[in-house]
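Protein chains: 2
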Amino acid sequence: MLEKLIEHIKKFLPIAEEDVPVVLSFFQEATVKKKENVQEADKVCKQHYFVTKGCLRMFFVNEKGIEQTTYFALENWWITDYLSFQTGQPAEYTIQAIEPSEVISISAEKQEALLQQFPQMERYFRIIFQRSTAAAQRRLKLLYQLTREELYLAFSKQYPEFVQRIPQYLLASFLGFTPEYLSELRKKMVLKQV
Amino acid sequence: MLEKLIEHIKKFLPIAEEDVPVVLSFFQEATVKKKENVQEADKVCKQHYFVTKGCLRMFFVNEKGIEQTTYFALENWWITDYLSFQTGQPAEYTIQAIEPSEVISISAEKQEALLQQFPQMERYFRIIFQRSTAAAQRRLKLLYQLTREELYLAFSKQYPEFVQRIPQYLLASFLGFTPEYLSELRKKMVLKQV
DNA sequence: CGGATCGTTGATCAACTTCAACGGTCGTGG
DNA sequence: CCACGACCGTTGAAGTTGATCAACGATCCG
Numbered sequence: 588m589l590e591k592l593i594e595h596i597k598k599f600l601p602i603a604e605e606d607v608p609v610v611l612s613f614f615q616e617a618t619v620k621k622k623e624n625v626q627e628a629d630k631v632c633k634q635h636y637f638v639t640k641g642c643l644r645m646f647f648v649n650e651k652g653i654e655q656t657t658y659f660a661l662e663n664w665w666i667t668d669y670l671s672f673q674t675g676q677p678a679e680y681t682i683q684a685i686e687p688s689e690v691i692s693i694s695a696e697k698q699e700a701l702l703q704q705f706p707q708m709e710r711y712f713r714i715i716f717q718r719s720t721a722a723a724q725r726r727l728k729l730l731y732q733l734t735r736e737e738l739y740l741a742f743s744k745q746y747p748e749f750v751q752r753i754p755q756y757l758l759a760s761f762l763g764f765t766p767e768y769l770s771e772l773r774k775k776m777v778l779k780q781v
Numbered sequence: 588m589l590e591k592l593i594e595h596i597k598k599f600l601p602i603a604e605e606d607v608p609v610v611l612s613f614f615q616e617a618t619v620k621k622k623e624n625v626q627e628a629d630k631v632c633k634q635h636y637f638v639t640k641g642c643l644r645m646f647f648v649n650e651k652g653i654e655q656t657t658y659f660a661l662e663n664w665w666i667t668d669y670l671s672f673q674t675g676q677p678a679e680y681t682i683q684a685i686e687p688s689e690v691i692s693i694s695a696e697k698q699e700a701l702l703q704q705f706p707q708m709e710r711y712f713r714i715i716f717q718r719s720t721a722a723a724q725r726r727l728k729l730l731y732q733l734t735r736e737e738l739y740l741a742f743s744k745q746y747p748e749f750v751q752r753i754p755q756y757l758l759a760s761f762l763g764f765t766p767e768y769l770s771e772l773r774k775k776m777v778l779k780q781v
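Written out as structure tokens, the structure reads:
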């Protein structure tokens, strides 16, 4: 399973075979059950997670007590509450598996130690975060320019298999509307196709 | 003016004095007039901008022909259309000065060359992008959890001087609503205070 | 001084939420 | 293996939020 991470790193930079076990020694593996939290809100987020199997979601609980999902992480995606991870403040987000999953993680301290010992890993994380920044810009553009209905269409088109894979109420939350409204949208779309 | 960039880099890592001029030789300076574009939509975004003075905004034009502003960049902030910058595709965003400004910039090619020659700069950009990722998470949380009115209040509270500094229609656009509605919100708030 | 730009106002309208209720399905315990 | 409860998706009515459009005043700047 750790192999998955090495493969991912190798996509972005060369890494000497003899360094592989040393690099990997900074990380730990975990199996996560469905609905299990890897990170609880209000606790400091100590780990940075790399998903090797399954799917995680990140959510916060709003004033009405509703879980608002804002991120999903699939295989080969990094995820964490970066604000808490960086500053050591309590996290605002909970991170939960929505399927039986497998993750690799590294603590903030170990990540820093890894970067000290293997400065070339700065490049790996620089690229990861640069891509994340680009993805955030793209997502924000969609959020600003599309109606909820168009958002649903765009997302369904880009991730058709994923839409099948997750419960509708999570998708509705992620897209920023209610499950009832998603239900209405789906009905409308079926009618149009007939 | 280039001094501002060096100061910023030094906040995150040590840099030998003799390296300073070499590092700086990768960058270029520019003065930008109010309303001048440093980046046009549909052209490939070749530069990564660091603002040393003034303020830039990033926007796209939606289907109704309205300029939708999604980012501001103040002093010591990096900004660009990262998707275009990374992939070489045409940009979706325009980047424009909203005040007379001064920027330092570096092309994608030169940034790569800089990182090859000074690998410690990977750390600098890793930190910049990691913070940017954290900021994006924070912003997304606010967008999902607050009403438009609360967004305006929160933003006014966090950046009171900035709200004074920019035209209201830009602020309304950034917060995701119309200038007319912002006007209504402001009226409502004044009435409450009386 | 004159035109363009910006903020405001009010009426109407569309998008989306809220709430309550119902039916289907899935998983768990007996 | 069945029965029960919890969870999930759906439906429809009523209510909010915020958009749209058109018009007007103020201000800025050349």
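Chains as they are written, first to last, in this note's numbering: chain F, 588 to 781; chain H, 588 to 781.
Beta carbons are placed, not taken as given, at the ideal position from N, Cα and C, and that holds for glycine.
For clarity, every value in this text was computed on a predicted model and none was experimentally measured.
Against LYS728 of chain F, what residues of chain H qualify as contacts under a CB-to-CB distance less than 7 Å, listed in chain order? PHE647, THR657 and GLU679
Coarse secondary structure for GLN634 of chain H, derived from DSSP in three states: strand
Tell me, to the nearest whole angstrom, how far the beta carbon of ARG713 of chain F is from that of PHE613 of chain H; I am working on the premise that it is less than 8 Å.
ARG713 of chain F to PHE613 of chain H, Cβ: 16 Å. No contact.
- DSSP bridge partner residues for PHE614 of chain H (one or two, in chain order): Its beta-bridge partners do not exist; DSSP assigns none.
(message) Cβ closer than 8 Å: which chain H residues qualify as neighbours of PRO706 of chain F?
(response) Under the 8 Å cutoff, chain H gives PRO706, GLN707, GLU709 and ARG710.
Less than 8 Å between the C-beta atoms of LYS621 of chain H and PRO687 of chain H, yes or no?
yes
- Message: Less than 8 Å between the beta carbons of LEU592 of chain F and PHE646 of chain F, yes or no?
- Response: no
Margin query: List, in chain order, every chain F residue whose beta-carbon is nearer than 9 Å to that of ASP668 of chain H.
Written below: ALA721 and GLN724
Exercise for the section: Kindly indicate the opening and closing residues of the beta strand (DSSP E) around LEU600 of chain F. Expected result: Segment: none, LEU600 of chain F is in no beta strand (DSSP E) and carries neither H nor E.
Does any residue of chain H bring its CB to less than 8 Å from the CB of PHE614 of chain F? Chain H contact via Cβ: absent.
Is the Cβ of ARG713 of chain H closer than 8 Å to any Cβ of chain F? It does; some Cβ of chain F falls within 8 Å.
8 Å is my cut-off, CB to CB: does PHE716 of chain H come that close to chain F? yes
- Task: State the Cα-Cα distance for the pair THR734 of chain F and ALA628 of chain F, rounded to the nearest angstrom.
- Result: 30 Å
So, under 8 Å CB-CB, ALA617 of chain H and VAL690 of chain H are touching, yes? Tell me the CB distance rounded to an integer number of Å.
The pair is a contact, with the Cβ atoms about 5 Å apart (cut-off 8 Å).
Buried or exposed, going by whether 16 or more other CB atoms sit within 10 Å of the CB of ARG773 of chain F?
Answer is exposed; the Cβ neighbour count stays below 16.
| query | Who are the neighbours of GLY641 of chain H on chain F, taking C-beta pairs under 9 Å? | reply | Those do not exist, as GLY641 of chain H stays about 21 Å from chain F at its closest Cβ, beyond 9 Å.
State the Cα-Cα distance for the pair LEU729 of chain H and ALA722 of chain H, rounded to the nearest angstrom.
-> 11 Å
Query raised in the report: Can you list the residues of chain F that GLN732 of chain H reaches, using a CB-CB cut of under 9 Å?
Result: PHE647, ASN649, GLU650 and GLN655
Beta-carbon proximity list for MET588 of chain H, same chain, < 8 Å, skipping 5 on both sides
GLU616, THR639, LYS640, GLU689 and ILE691
* List, in order along the chain, the chain H residues whose C-beta lies closer than 9 Å to that of GLN634 of chain F? -> Per Cβ cutoff of 9 Å: no residues; GLN634 of chain F is ~15 Å from chain H at best.
Notebook entry, point to check: Residue ranges of each beta strand (DSSP E) run of no fewer than 3 residues wholly in the segment 665 to 753 of chain H, ordered along the chain?
Noted result: 681 to 684 and 688 to 694
Compare the Cα-Cα distances from PRO766 of chain F to each of F:THR681, F:LEU600, F:ILE653 and F:ILE682 and report the closest residue.
Ranking F:THR681, F:LEU600, F:ILE653 and F:ILE682 by Cα distance to PRO766 of chain F puts F:ILE653 first.
- From ARG752 of chain F to ALA684 of chain F, what does the alpha carbon distance come to, in whole angstroms? 13 Å
Margin query: Taking the alpha helix (DSSP H) that PHE761 of chain F belongs to, which residues open and close that run?
Written below: 755 to 762
TODO: Compute the Euclidean distance between the alpha carbons of PRO677 of chain H and GLU590 of chain H, then round it to the nearest angstrom.
DONE: 32 Å
Exercise. Is the distance from the Cβ of THR657 of chain F to the Cβ of PHE761 of chain F below 8 Å?
Worked result: yes
Legend entry - Proximity below 8 Å, CB of PHE716 of chain H to CB of THR720 of chain F: Note that the C-beta distance between PHE716 of chain H and THR720 of chain F is below 8 Å.
### Query
Since GLY763 of chain H meets chain F, which of its residues come closer than 9 Å, beta carbon to beta carbon?
Going along chain F in sequence order, the residues near GLY763 of chain H (Cβ under 9 Å) are LEU730 and TYR731.
**Q.** Residue nearest to VAL610 of chain F in terms of C-alpha spacing, selected from F:ILE693, F:GLU748 and F:PHE749
**A.** F:ILE693
- Kindly indicate the opening and closing residues of the beta strand (DSSP E) around ASN663 of chain H. Run containing ASN663 of chain H: none; DSSP gives neither H nor E here.
In whole angstroms, give me the CA-to-CA distance for GLY763 of chain H and PRO601 of chain F.
Roughly 43 Å between the two C-alpha positions.
Same chain, Cβ closer than 8 Å to SER770 of chain F, neighbours up to 5 away in sequence not counted = Closer than 8 Å at the Cβ level, and outside the excluded window around SER770 of chain F, lie GLN755.
Inset, instruction - Anything in the segment 740 to 754 of chain F with a Cβ closer than 9 Å to a Cβ of chain H? List those residues in chain order, please. - result: none
Discussion item. Check for me: the beta strand (DSSP E) holding MET645 of chain H runs from which residue to which?
Written reply: Element bounds for MET645 of chain H: 643 to 648.
- Message: So that I know if they touch, is there some Cβ in chain F lying closer than 8 Å to that of GLN683 of chain H?
- Response: Not closer than 8 Å to any Cβ of chain F, the Cβ of GLN683 of chain H fails to qualify, so no.
Applying the criterion that 16 or more other CB atoms from any shown protein chain within 10 Å of the CB defines a buried residue, is ALA660 of chain H buried or exposed?
buried
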